[in-house]
Structure formats: C-alpha cells, structure tokens
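With my numbering applied, the sequence shown has no gaps in its numbers, which climb one by one up to 583 at the end.
All C-beta atoms in this analysis are idealised placements derived from N, C-alpha and C, irrespective of residue type, glycine included.
Down below is the structure, laid out as structure tokens.
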Amino acid sequence: MHTRNHTIPVLVKLTLALVASILPVKSYCHDIEGDETIYDLYLDNLERDRDKAMEICEIYLSGIDSTGGNLLTASLCDSLAQWWGEEKFQFTKAIDWMEKALHIYDKKNIPREMANMKYKLARMYLKLGQYHKTLAYAYEAANYYEDKHDIARALDCYNLLGIVFHICMDFNQSSSYFSKVAKGAREINDTARLAGALNNSALLAVTLGDSLKAENMAVESIRLSRAINDTSLICQCYLNIASQYIGRGMLSKAEESLHHAEDFIDNIDMAGDCHRIWGMLHISQGDTQAAAGQLEKAVQYYAEGEFYAKRLFCLNMLYTIYEENGAWRKAYEALREYHRLDKASSDKNVYYELFKTQNGIILKDERQKLQEAKTEQLLGGISALFVLTVSTLIIWYTFKRKKMHISQKEAEIQNQKLLNEKNKQEISSKKEILEIKQMQQYKIDKIIEEVMEKLDKLSASIGNGAAKDEINLLCNDLKNTRDENSWKEISLYVPEFNSDLFNDIIKSFPNLTVNERRLLALLNMNMTTKDIAKITMQTPHSINIARYRLRTKLGLTGSEKTIQEFLSEYKKKEI
C-alpha cells in the first residue's frame, strides 16, 4: 500500500475543500452560467450539509453546456471532483469532473491550473489501475513544475511516477524517483514528503527482498510522521510495516503494528486495508475463521468505493478459505462476485501494455529532447569558439597595431633626438665659425674705422667743396657696407631663419624687416643681447632698441612675456 501524496486527515480535507469551494464564489460570482436559483441553493447548503451541497452542485453543473465553461465552472468541477475522489472514493466520477475542469483551463490557457489538474487526474487514474494515463499526466505536470521551479509539487509528481513504475515492475526507475523525492524533501525541509518517500522506498525494498532495509525505512517513516502528527501517514506506515512483519513471520510485531494503525484510521480505504491485513495475519496464525471475518469486513469497506483490485484480492482469499472449510455456498458467492468485478476490471493487462507503450513514447521524446539539447549545446560551443576566436584576433590585431604605433612613436622620438643632436652640433659648429668670422670682421671693422677716422680728419682739414662732400659720402658708404655685411655673414650660419616655424611667423607678421627676422632667429637660439651685439658688432644699446621694435611688431608691448617665451608658445601651436 503506497503512501498517498496528500496525507491529510478527513477534517482537514473537508476544511480545505470547503475553502476551495467558497473562494471561487467570491471571485467569480458575476460569472454564473447555469441556473442561479440552484447555485444559490448550493451556497446555502455548503456550510450546513456538504454532501447535499455537492449533490446540488452536480445538478447545477449538469445544466451547463459542456462545450462552454468559465473559471467559476472549472472551480466548481474541481471541488466536486475532490468530493467524489477524496471523500466518496468514486474515482471514475472524480475523473469525469476533473477532465471537464482541465478542458476549461486549457481553453482559457491557464498553464498552472492545467498542471494542477493533470496531477490530480494522475492520482485518480492510479486508483483505477490505468497506469498509462497516470504516467502521461504525472509526467506532463512534472515538466511544468520543473520549468517553474515548483519543487514541492514536482516531488508529488515524482512520487506518483515512482509508485506506477513499482507496480509495473520497472524497479530501477521506481527507485530513482523515490530517491528524488527523498532528496528533494530534505532540501526543502519537508518532513511529510520525506516520510512518504521512505515509506514507499520500504515497500520497494520488500519487493526486492531486502527486508532489513525495508524495516529500517518503515521505522524511520513512522518516526517522522509521528513527529509532524500526520495521522493518515502514520496509519499507512503501520499497516505497511505490519505486512512486512507477516511476510517475515514476525506475527507478534505485526499484531502490535496493526493495533497502532487502528488508532489512526480516518477513511474507508484505511479501514479496508486494516481488516485485509488482519485477515492475512490470521491466515498466518492458522485461524481461517477469524481471517474470513476480517476479509469480509474489508470487502464491505472496499465496496463503498472503487477499490476493485483490493476487493478482488479479498474475494479470492475468501473463496479459498470457504472452499477449504466446505462452505460451498459462500465460496460460490465469493467466486461469482469475483468474476463480476473481474469483468469490470478485465482490462488490467491492456493497461500494462498501454503503460509500456506510453513509457516508450515518453522515453523517445526524452531522447529526442536530449539529442536536441546536445545539438544546441554543440552549436553553442561552436558559436562561443567562433566568438572567442574572432575576439582573440581582434585583440591581437589591436595589440599589434598599438605596438606598431608605439614603435613608430619611439622611432620618431629617437629620430627627433638624433635631429636635435645634429642641430645642436651644427649650431655649436656655426657658433665657432661665427666667432672666427667675428674676429675677422672685427679686424676689418678696425681697418674701416681707422680709414674713416683719417677720412674725417681729411674732411675737417678741407674746406667746403665738392671734395669734402665726396669724402663724407665715402664714409657713409663704408659704415653701411660694414652693417650689411655683418648681417649677411650671420644669415649664412642661422638655418632656423628659413625653417617652417619662421615661414609661419613671417606669414603672421609680414611687416618684419630682414634684420628683425635675423634678430628673431638669434633670439630663438637663446642668445643674449651681449652675444648678439658681439656677433653683429653692434652696441648692446642698439640691440635693445631693435628688440623693443621687434616686441612692438609682435604685439608684446606692455606684456611681461619675453620674445623667447613667445617663440616657445608659437612652437606648441605649430605642433
């Protein structure tokens, strides 16, 4: 007897069902599709007489077009289905109303409600032994819950799948699902689901012949269920461990467990199971008369619901007992009832085959999804590799280009250093030449000065006349020639005068004279007034006057900025 997924006492079930029935009324009261009078009658009886309210609800729903339906109708169908399935144990009727609710949710496209309904349908089909439908619905619901990361509901689906694979003798799959439930329950700290998983794993261990493991799991399941006071689960655990003890010949322990179970029975299913196991215990003890009494009570309880497989088992045992004891009439009645029920459930082997087919389809779909996932993963890997390769190439190209740019800049800096060094050497060399020329020019100037002094004396000794004028004119020519030659000599050794910098300065200041441009070139070489005076063989005072005129033309009058600073800033602008 596998653990149910909703191990809730009857009182709690009724309360939840009542709340589930009342809530839709508040939410959808404006969407009444059927007879409003019947609907009001249903509401009036809902709190006073639940069974009567559900009967009225069924009448109300029967009057609604099956092709239509809104959310209120779907909710009522669900409530009615829970009443038939969980309280009356009429699983076929419960399934009918669940299928209608599922149809409405499907039309309204509400995936979560569809998944919830599929899970409930899987439970009902399991009760009827239609394992292929249990498998299909539980699998679809589990997929939805997995996608939405609803761990608790996914575990409930795994529990159903574990049970159905156990029944259909695929023990590896069954063990895998029960392990998933136990692991997931521990992760979310859900004691009830963990206890249920251990109980079901204990039943599987019994099937596999591992009695010690089965007992340990069953005992732990009882301990956990008692810790949370889940009476329904406690009863099931005691009934299951009692069956284990009977199978192992530990009859006193089995009897003790059954007495414990009796304290927690809360529905006809558990009552029938308890009497059935008592019957098996009495058979093991050799008391067939007591066994028959217990099995008859079990059949009576099972007859109140759709427990065909359990009734068939009890009827078969009763037939054997009656036949052995010579109670032929009772044996005949048991056999006749057995065949009547067996016809109603004669499709059991067909359901097994359908289960295998359905499982094959699911496995095929899973393999296809796995292959698609592998293909997608491969394509993703190729894409990632392509992106990585392209990114690497781009980074490599950018790095190489940057490195080349840096190398180029370094080469330019090195060339500029060499050029500057060369210019310094040229300037130094030309300064030496200028000094030599200065000495030569100084000697020439001395000679010219001496000649001019003699001519002046001669002019003074001569009175007014043409000769004196000629002498004065000759003196002026000698003086002008001396100044012009000085600047010409200098211009030969000042290369900056014809550079791009001075060409741009000349464009900006076209009114500069040739001598002012030459003075600017000498100042650009960081020469002092004294140095320039020596080179040009002029007085420092003359050079200062020339510098003042140059500042005026450059627009530096009234500014503290020197001509050298002006040239330095001008160079930066050029760069």
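Residues near residue i by beta carbon distance below 7 Å, same chain, minus five either side
| i | result |
| --- | --- |
| Ile196 | Ile159 and Ala160 |
| Arg559 | Thr565 and Ile571 |
| Ala339 | Tyr327, Tyr330 and Glu331 |
| Leu427 | none |
Buried/exposed call for residue i, threshold 16 Cβ in 10 Å
| i | result |
| --- | --- |
| Ala419 | exposed |
| Gln252 | buried |
| Phe394 | exposed |
| Met412 | exposed |
| Ser240 | buried |
| Ala28 | Residue confidence is low: Ala28 scores 43 on pLDDT, short of 50, so the model does not pin down where it sits. Its coordinate-derived value is still stated next. It is exposed - the Cβ of Ala28 has fewer than 16 other Cβ atoms within 10 Å. |
| Arg344 | exposed |
| Gln572 | exposed |
| Lys141 | buried |
| Ile290 | In the sequence as displayed, the identity of residue 290 is His instead of Ile. Buried, since its Cβ has 16 or more Cβ neighbours within 10 Å. |
| Met106 | buried |
| Ala226 | buried |
| Leu19 | With a pLDDT of 41 at Leu19, under the threshold of 50, the modelled position of that residue is not reliable, and the figure given next carries that caveat. Result: exposed. |
| Ile273 | buried |
| Leu136 | buried |
| Asp56 | Reading the sequence as shown, one finds Arg at residue 56 and not Asp. Label assigned to Arg56: exposed. |
| Leu387 | exposed |
| Met177 | exposed |
| Ile543 | buried |
| Lys465 | exposed |
Rounded straight-line distance, which links the Cα of residue j to that of residue i
| i | j | result |
| --- | --- | --- |
| Arg319 | Ala335 | 20 Å |
| Thr383 | Ala392 | 14 Å |
| Val33 | Ser87 | Only weak support exists for where Val33 lies, its pLDDT of 42 falling under 50; the value from the coordinates is given anyway. Looking at the two C-alpha atoms, the distance is approximately 12 Å. |
| Ala468 | Glu461 | 10 Å |
| Val172 | Glu314 | 18 Å |
| Met545 | Gln424 | 34 Å |
| Val522 | Glu458 | 29 Å |
| Leu463 | Ile456 | 10 Å |
| Cys65 | Gln138 | 27 Å |
| Tyr246 | Glu95 | 22 Å |
| Asn117 | Ala89 | 21 Å |
| Thr397 | Ile421 | 35 Å |
| Glu341 | Met258 | 33 Å |
| Arg120 | Asn78 | 16 Å |
| Ile390 | Ile402 | 18 Å |
| Asp350 | Glu270 | 30 Å |
| Arg409 | Gln385 | 35 Å |
| Leu51 | Trp92 | 18 Å |
Cβ-Cβ distance between residue i and residue j below 8 Å
| i | j | result |
| --- | --- | --- |
| Asn248 | Asn275 | no |
| Gly287 | Leu266 | no |
| Met122 | Leu134 | no |
| Glu148 | Lys115 | no |
| Leu202 | Ala210 | no |
| Tyr578 | Ile479 | no |
| Cys165 | Ala150 | yes |
| Leu169 | Ala146 | yes |
| Asp277 | Phe97 | yes |
| Leu129 | Ile112 | no |
| Ile254 | Ser292 | yes |
| Arg525 | Phe510 | yes |
| Ala213 | Ala222 | yes |
| Ser184 | His174 | no |
| Leu562 | Asn532 | no |
| Leu69 | Ala61 | no |
| Phe179 | Leu216 | yes |
| Ile540 | Leu528 | no |
Own chain, CB closer than 6 Å to residue i, minus 5 neighbours either side, in chain order
| i | result |
| --- | --- |
| Ala306 | Gly280, His283, Arg284 and Cys322 |
| Arg256 | Ser219 |
| Met325 | Leu303 |
| Lys108 | Cys85 |
| Tyr310 | Gly280, Lys318 and Arg319 |
| Glu228 | Leu206 |
Same chain, Cβ closer than 8 Å to residue i, five either side skipped, listed in chain order
| i | result |
| --- | --- |
| Arg234 | Ile242 |
| Ile72 | Glu41, Gly42 and Thr81 |
| Ala190 | Leu202, Ala205, Leu206 and Ser209 |
| Thr537 | Pro548, Ile551, Asn552 and Arg555 |
| Tyr346 | Leu320, Leu323, Asn324 and Tyr327 |
Q | alpha helix (DSSP H) segments (min. 4 residues) lying fully within the stretch 499-557 | A | Segments of the alpha helix (DSSP H) lying fully in the stretch 499-557: 508-516, 522-532 and 537-544.
Q | Whole runs of the alpha helix (DSSP H) within the stretch 239-327, excluding any shorter than 4 residues | A | Whole alpha helix (DSSP H) segments, 4+ residues: 239-255, 259-270, 276-293 and 296-311.
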